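Participant: Structure below; questions to follow.
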Amino acid sequence: MALSKTQQRIRRHKRVRAKVIGTETRPRLSVFKSNTRLVAQIIDDTKGVTIAAVSSGSEKGKTPRERAEAAATTIAKLASGKGIKAVVFDRGGFQYLGTVKAFADAARAAGLEF
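Using the numbering used here, the first residue of the sequence shown is number 0, and each one after it goes up by one.
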């Protein structure tokens, strides 16, 4: 029996998470995309602590891409406030296009390095 799109994404995510680890000096920027919003977290995997989190549902914008870009600038400001300049990007098994790509590009433009 064929896997659904969600099951395929979860498999991709598990495969990537086995290799991508956030440290104290370079935490992981994790992205989750639902039908209505995009959620991003900066996570220190060695301690198991979420350092900062933001949701595009609380951001203003007409299109999902605009809301993702606003969320990216917000999380970049939160990260710089906590002294974080470089992160490891974890796309969560989602394809690197659309809102995920817009989020990543806006985060880079706001000062995060990955």
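The C-beta atom is built at its ideal place from N, Cα and C for all residues, glycine as well. Note that the structure is a prediction, hence the values are computed from the model and not measured.
(1) When we look at the beta-carbon of residue 52 and count the other beta-carbons within 10 Å, is it buried (16 or more) or exposed?
(2) Return the Cβ separation of residue 113 and residue 93 in integer angstroms, given the expectation that the two are a contact with Cβ distance under 8 Å.
(3) Taking its Cβ as the centre, do 16 or more other Cβ atoms sit within 10 Å of residue 32, making it buried, or is it exposed?
(4) In whole angstroms, what is the alpha-carbon distance linking residue 14 and residue 47?
(5) Can you tell me where the alpha helix (DSSP H) with residue 5 in it begins and where it stops?
(6) Near residue 68, which residues of its chain fall below 6 Å by C-beta distance, leaving aside the five closest residues on each side in sequence?
(7) Please work out which residues of its chain come closer than 8 Å, Cβ to Cβ, to residue 35, disregarding the five sequence neighbours upstream and downstream, and give them in chain order.
(8) Could you check what DSSP says for residue 113 in three-state terms: helix, strand or coil?
(9) By DSSP's criteria, residue 29 is part of a beta bridge. Which residues make up the other side?
(10) Between the Cα of residue 44 and those of 82, 85, 99 and 19, spot the shortest distance and give me the residue it belongs to.
Facilitator: Per the coordinate set shown:
(1) Translated into the one-based positions of the sequence shown, residue 52 becomes position 53. Counting of Cβ neighbours within 10 angstroms places residue 52 among the exposed residues, the total staying below 16.
(2) As a position in the sequence shown, residue 113 is number 114, starting the count at 1. As a position in the sequence shown, residue 93 is number 94, starting the count at 1. Their Cβ separation, rounded to whole angstroms, is 16 Å, which puts residue 113 and residue 93 out of contact at 8 Å.
(3) What you label residue 32 is simply residue 33 of the sequence shown in a count that begins at 1. Counting every other CB atom within 10 Å of its CB across the protein chains shown gives residue 32 a total of 16 or more, marking it as buried.
(4) For the purposes of this step, residue 14 is identified with residue 15 of the sequence shown, where counting begins at 1. For the purposes of this step, residue 47 is identified with residue 48 of the sequence shown, where counting begins at 1. Going from the Cα of residue 14 to the Cα of residue 47 covers about 19 Å.
(5) In the sequence shown, residue 5 corresponds to position 6, counting from 1. Segment 4–16, the alpha helix (DSSP H) holding residue 5.
(6) Locating residue 68 in the sequence shown gives position 69, where the first residue counts as 1. 101 and 105, listed in sequence order.
(7) For the purposes of this step, residue 35 is taken as residue 36 along the sequence shown, with counting starting at 1. If we look at residue 35 and ignore the five residues flanking it on each side, its Cβ neighbours are 56.
(8) Walking along the sequence shown from the start, residue 113 turns up at place 114. Of the three classes helix, strand and coil, the one that applies to residue 113 here is coil, per DSSP.
(9) Along the sequence shown, one-based indexing puts residue 29 at 30. As computed with DSSP, residue 29 is found in a beta bridge with 40 and 89.
(10) Here residue 44 is taken as the residue at index 45 of the sequence shown, counted from 1. With distances taken between Cα atoms, residue 44 lies closest to 19.
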